[in-house]
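Undergrad: Residues 231 to 647 in the working numbering are what the sequence shown spells out, letter by letter.
Even glycine gets a Cβ: it sits at the ideal position worked out from N, Cα and C.
Note that the structure is predicted; figures quoted are calculated from it, not measured.
I have a structure I would like to understand better, so I am pasting it below and will then ask my questions one at a time.
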Amino acid sequence: MTSSAEDYIPRSLAPSIVEAMNDTPVVCLLGPRQCGKSTLAMRLDSERLFVSLDESRYLDTALNDPDGFVRSLPKRVTIDEVQRAPRILRAIKRSVDLDREPGRFLLTGSANLLLLSHVDESLAGRMEIERLQPLSESEKERRPGTFLQALLSSGFETAIRGESDADHGPTLAQRLVTGGYPEAVHRRPARSRAWHREYVRSIVERDVRDVARVKEADDVARLLELLALRTGELQNVSALANELKLGRATVERYLQVLERLFLIRRLPPWQRNQAKRVIKTPKYHLVDSGLAATLSELNEDAWRDERTRMGHLLESFVVQQVIAQAGWTEGDLHFHHYRDKDQVEVDLVIVRGRDTWGIEIKASASVSRKDGNGLRKLAEACGDGFRGGVVLYDGADTLPLGDERLLAVPLAELWER
Numbered sequence: 231m232t233s234s235a236e237d238y239i240p241r242s243l244a245p246s247i248v249e250a251m252n253d254t255p256v257v258c259l260l261g262p263r264q265c266g267k268s269t270l271a272m273r274l275d276s277e278r279l280f281v282s283l284d285e286s287r288y289l290d291t292a293l294n295d296p297d298g299f300v301r302s303l304p305k306r307v308t309i310d311e312v313q314r315a316p317r318i319l320r321a322i323k324r325s326v327d328l329d330r331e332p333g334r335f336l337l338t339g340s341a342n343l344l345l346l347s348h349v350d351e352s353l354a355g356r357m358e359i360e361r362l363q364p365l366s367e368s369e370k371e372r373r374p375g376t377f378l379q380a381l382l383s384s385g386f387e388t389a390i391r392g393e394s395d396a397d398h399g400p401t402l403a404q405r406l407v408t409g410g411y412p413e414a415v416h417r418r419p420a421r422s423r424a425w426h427r428e429y430v431r432s433i434v435e436r437d438v439r440d441v442a443r444v445k446e447a448d449d450v451a452r453l454l455e456l457l458a459l460r461t462g463e464l465q466n467v468s469a470l471a472n473e474l475k476l477g478r479a480t481v482e483r484y485l486q487v488l489e490r491l492f493l494i495r496r497l498p499p500w501q502r503n504q505a506k507r508v509i510k511t512p513k514y515h516l517v518d519s520g521l522a523a524t525l526s527e528l529n530e531d532a533w534r535d536e537r538t539r540m541g542h543l544l545e546s547f548v549v550q551q552v553i554a555q556a557g558w559t560e561g562d563l564h565f566h567h568y569r570d571k572d573q574v575e576v577d578l579v580i581v582r583g584r585d586t587w588g589i590e591i592k593a594s595a596s597v598s599r600k601d602g603n604g605l606r607k608l609a610e611a612c613g614d615g616f617r618g619g620v621v622l623y624d625g626a627d628t629l630p631l632g633d634e635r636l637l638a639v640p641l642a643e644l645w646e647r
């Protein structure tokens with residue numbers, strides 16, 4: 231079934247957006263197409279005029295006469311899909327400079343750097359940016375989503391539970407292959423996969439060709455499919471170029487396009503000056519595990535038959551859950567991965583100033599002390615900046631790992647908290 235008003239899932243980012251609108255003239259809500267930006271924007275203030283630049287009657291005016299378009303708007307307005315007419319940002323700047331009343335403009339955008347490249351020269355200091363992700367698992371469960379907060383504040387305690395609420399809801403494999411796009415969440419599995427395929431086709435036809443100005447959009451789609459097959463892995467651009475029979479510069483540009491459209495996430499390597507042995511190759515994750523599962527033809531049965539591939543999908547899933555929670559938990563965080571030349575790794579490294587936390591991800595239902603070896607290596611490289619780490623695993627108990635700063639924590643804490 232498709233989503234309806236009765237299916238609406240409250241978004242945890244909403245209070246942050248309202249807070250920004252109370253003291254900032256322009257608030258821009260960025261995120262992938264179909265992640266719920268428009269619905270959230272309308273629910274935040276139902277009294278506002280809502281203007282979508284996906285409608286040709288508005289887009290033509292915004293493109294050809296941006297100042298006239300902005301002058302014709304009421305004082306408080308939502309402009310949807312603003313990346314389609316980025317020149318209106320200058321017109322909005324001129325309007326805001328005459329009247330800086332908070333909350334005047336609420337913008338949404340489905341392209342990141344394509345929009346932000348214009349922000350620096352037109353709305354710096356006048357606009358706050360909020361980033362909406364596809365639905366997190368905590369949002370689906372109507373939970374606060376405080377896993378990340380607990381990690382940052384050392385809020386986990388050892389506990390033997392035997393079972394968790396996760397034993398009575400969707401399985402972990404079901405969560406992975408469904409992902410977080412609202413339309414996919416509210417459909418049966420086969421219909422979700424059909425929606426994912428149509429979603430990619432629409433992005434290629436509309437945004438890659440029209441917004442990103444890429445003529446060979448099908449090559450971008452081929453790259454996305456290749457990255458889906460290898461989500462969560464170290465990616466060598468030259469190797470990708472050889473496999474796709476494209477130039478390295480072309481692949482680098484296409485990677486940027488996919489990042490700008492919020493389809494993939496580049497996770498840079500963590501490194502400190504004293505960490506000489508770290509691998510400096512980035513990882514690429516598809517932002518939505520459901521989309522990655524569809525493009526790589528993985529269903530929930532693959533949890534049994536394709537453990538390695540599902541393990542990488544799980545890694546992308548966890549990275550996405552944590553970064554989504556960062557939106558309403560702590561804005562000043564940076565995310566990396568760690569891997570050294572001995573192939574010791576930590577899947578997700580979280581940095582705030584000199585403070586560093588690590589998350590290792592394990593698909594197994596059991597855990598042992600050695601599963602914390604990567605975190606110990608990271609702690610050694612960090613020195614006194616290391617604040618703690620967890621091994622997320624598919625069990626129910628929170629267990630010590632032989633170091634007071636390290637714990638094994640159930641994956642279900644991502645959505646049960």
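What are the uninterrupted segments assigned as alpha helix (DSSP H) that are 4 or more residues long and contained completely in the stretch 350-383, given in chain order?
TA: Whole alpha helix (DSSP H) segments, 4+ residues: 367-370, 377-382.
Undergrad: Do you know offhand how far residue 371's Cα is from residue 327's?
TA: Locating residue 371 in the sequence shown gives position 141, counting from the first residue. Locating residue 327 in the sequence shown gives position 97, counting from the first residue. Answer to the nearest angstrom: the Cα atoms are 42 Å apart.
Undergrad: Kindly indicate the opening and closing residues of the beta strand (DSSP E) around residue 258.
TA: Within the sequence shown, the letter at position 28 stands for residue 258. 256-260 is the extent of the beta strand (DSSP E) around residue 258.
Undergrad: Mapping DSSP to helix, strand and coil, what is residue 595?
TA: On the sequence shown, position 365 is the one that residue 595 refers to. Note: residue 595 maps to coil in three-state DSSP.
Undergrad: DSSP puts residue 389 in a beta bridge; with which residues?
TA: Here residue 389 corresponds to residue number 159 of the sequence shown, with the count starting at 1. Answer by DSSP bridge pairing, in chain order: 628.
Undergrad: Does residue 268 come out as helix, strand or coil in the three-state DSSP assignment?
TA: Numbered from its first residue, the sequence shown carries residue 268 at position 38. Looking at residue 268 - three-state DSSP - the assignment turns out to be helix.
Undergrad: Closest to residue 298 by CA distance: which of 318, 589, 408 is it?
TA: Position 68 of the sequence shown holds residue 298. Considering only alpha carbons, the answer is 318.
Undergrad: Can you check whether the CB of residue 410 is closer than 8 Å to the CB of residue 626?
TA: Counted from its first residue, the sequence shown places residue 626 at position 396. Counted from its first residue, the sequence shown places residue 410 at position 180. Their beta carbons are not under 8 Å apart, which means residue 626 does not touch residue 410 by this criterion.
Undergrad: Could you tell me the alpha carbon to alpha carbon distance between residue 412 and residue 613, rounded to whole angstroms?
TA: For the purposes of this step, residue 412 is taken as residue 182 along the sequence shown, with counting starting at 1. For the purposes of this step, residue 613 is taken as residue 383 along the sequence shown, with counting starting at 1. Their Cα atoms are separated by approximately 42 Å.
Undergrad: Look up residue 566 in the DSSP assignment and give the residues it is bridged to.
TA: By 1-based counting over the sequence shown, the position of residue 566 is 336. According to DSSP, which records beta bridges pairwise, residue 566 is partnered with 579.
Undergrad: Quick check on residue 557: buried or exposed, where buried means 16 or more other Cβ atoms within 10 Å of its Cβ?
TA: Residue mapping note: residue 557 aligns to position 327 of the sequence shown, counting from 1. Classification of residue 557: buried, given that the 10 Å Cβ count is 16 or more.
Undergrad: Going by the CB atoms, is the gap between residue 637 and residue 631 shorter than 8 Å?
TA: As a working note, residue 631 is residue 401 in the sequence shown. As a working note, residue 637 is residue 407 in the sequence shown. Cβ distance < 8 Å, so residue 631 and residue 637 count as in contact.
Undergrad: Helix, strand or coil: how does DSSP classify residue 233 here?
TA: In the sequence shown, residue 233 corresponds to position 3, counting from 1. Residue placement at residue 233 is poorly supported in this model, since its pLDDT is 47, which falls under 50; the coordinates still yield a value, given next. The answer is coil: DSSP assigns residue 233 none of H, G, I, E or B.
Undergrad: Near residue 487, which residues of its chain fall below 7 Å by C-beta distance, leaving aside the five closest residues on each side in sequence?
TA: Position 257 of the sequence shown, counting from 1, holds the residue named residue 487. So the list reads 438, 442, 444, 450, once near-sequence residues are dropped.
Undergrad: Taking the straight line between their C-alpha atoms, what separation do you get for residue 374 and residue 400?
TA: As a working note, residue 374 is residue 144 in the sequence shown. As a working note, residue 400 is residue 170 in the sequence shown. If I take the Cα positions, the gap works out to 18 Å.
Undergrad: Give me the Cβ distance between residue 369 and residue 239, rounded to the nearest whole Å; I'm assuming they're in contact under 8 Å.
TA: Taking the first residue of the sequence shown as 1, we reach residue 369 at position 139. Taking the first residue of the sequence shown as 1, we reach residue 239 at position 9. 5 Å between Cβ atoms; contact.
Undergrad: According to the Cβ coordinates, are residue 513 and residue 453 closer than 8 Å?
TA: Counting from one through the sequence shown, the residue named residue 513 turns up at place 283. Counting from one through the sequence shown, the residue named residue 453 turns up at place 223. Not in contact: residue 513 and residue 453 (Cβ atoms no closer than 8 Å).
Undergrad: Starting from residue 640, follow the beta strand (DSSP E) in both directions and report where the run begins and ends.
TA: As a first step, residue 640 is located in the sequence shown; it is residue number 410 there, counting from the start. Run containing residue 640: 636-640, per the beta strand (DSSP E) assignment.
Undergrad: Work out the CA separation of residue 579 and residue 641 for me, nearest whole Å.
TA: By 1-based counting over the sequence shown, the position of residue 641 is 411. By 1-based counting over the sequence shown, the position of residue 579 is 349. Approximately 17 Å between the Cα atoms of the pair.
Undergrad: Can you find at least 3 beta carbon pairs, one from the stretch 554-568 and one from the stretch 530-543, that sit closer than 8 Å?
TA: No: the two stretches stay apart, fewer than three of their Cβ pairs being nearer than 8 Å.
Undergrad: In three-state terms, what does DSSP make of residue 587?
TA: For the purposes of this step, residue 587 is taken as the residue at position 357 of the sequence shown. Strand at residue 587.
Undergrad: Between the beta-carbon of residue 362 and the beta-carbon of residue 520, is there less than 8 Å?
TA: By 1-based counting over the sequence shown, the position of residue 362 is 132. By 1-based counting over the sequence shown, the position of residue 520 is 290. Contact flag unset, no.
Undergrad: Please confirm if the stretch 327-343 is in contact with the stretch 256-263, defined as three or more CB-CB distances below 8 Å between the two stretches.
TA: The answer is yes - the stretch 256-263 touches the stretch 327-343, with three or more Cβ pairs under 8 Å.
Undergrad: Taking 8 Å as the threshold (C-beta atoms), are residue 563 and residue 582 in contact?
TA: One-based indexing of the sequence shown puts residue 582 at position 352. One-based indexing of the sequence shown puts residue 563 at position 333. Yes, the pair counts as a contact, with Cβ atoms nearer than the cut-off.
Undergrad: May I ask you to check if the CB of residue 476 is nearer than 7 Å to at least one heavy atom of the ligand ZN?
TA: The ligand content of the structure shown is nil, which means the ligand ZN is not present either.
Undergrad: Measuring CB atoms only, is the stretch 301-318 touching the stretch 269-284, in the sense that at least three cross pairs come out at less than 8 Å?
TA: With a cut-off of 8 Å, the stretch 269-284 and the stretch 301-318 count as touching, because enough Cβ pairs lie within range.
Undergrad: Taking all protein chains shown into account, decide if residue 624 is buried (16 or more other Cβ within 10 angstroms of its Cβ) or exposed.
TA: Within the sequence shown, residue 624 is the residue found at index 394, counting from 1. Buried: at least 16 other Cβ atoms inside 10 Å.
Undergrad: Suppose the cutoff is 8 Å on Cβ atoms and the five residues either side in sequence are ignored; what does the same chain contact list for residue 381 look like?
TA: Here the question's residue 381 lines up with position 151 in the sequence shown. Contacts found: 580, 587, 589, 618, 620.
Undergrad: Classify residue 538 as buried or exposed, calling it buried when 16 or more other Cβ atoms lie within 10 Å of its own Cβ.
TA: For the purposes of this step, residue 538 is taken as residue 308 along the sequence shown, with counting starting at 1. Exposed is the call here.
Undergrad: Count the other CB atoms, across all protein chains shown, that sit within 10 Å of the CB of residue 360; report buried if there are 16 or more and exposed otherwise.
TA: For this step, residue 360 is matched to residue 130 along the sequence shown. By the neighbour-count rule (16 or more Cβ atoms within 10 Å), residue 360 is buried.
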